[in-house]
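Visitor: Numbering (the working numbering), first residue to last: 9 to 74. From the three backbone atoms N, C-alpha and C, an ideal C-beta is built for every residue, glycine too.
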């Protein structure tokens, strides 16, 4: 059931004090990630979002989370 999850358009990307980047989904702020660059943070956020939505799909037995 490892469905591919499209990347949500509503995300926030912030520069942190250490020069890295923190990204999270606007509607699901528990989906968050850090990266050394903007691209790293967004790639990490994509991974976290996929895992999060796939877990929800498993809990509710949804066949396709996308």
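Does DSSP put residue 59 in a helix, in a strand, or in coil?
Guide: Here residue 59 sits in helix by DSSP.
Visitor: Measuring alpha carbon to alpha carbon, tell me which of 21, 37, 64, 65 ends up nearest residue 44.
Guide: Of the listed residues, the one whose Cα sits closest to residue 44 is 21.
Visitor: Between the alpha carbons of residue 50 and residue 34, how many angstroms are there, rounded?
Guide: Their Cα atoms are separated by approximately 13 Å.
Visitor: Using the Cα positions of residue 32 and residue 24, report the straight-line distance between them to the nearest angstrom.
Guide: Cα to Cα, residue 32 sits roughly 13 Å from residue 24.
Visitor: How many angstroms separate the CA atom of residue 28 from the CA atom of residue 53?
Guide: Near 14 Å, if we compare the C-alpha coordinates of residue 53 and residue 28.
Visitor: Within 10 Å of its beta-carbon, does residue 58 have 16 or more other beta-carbons around it, so buried, or fewer, so exposed?
Guide: So residue 58 ends up on the buried side.
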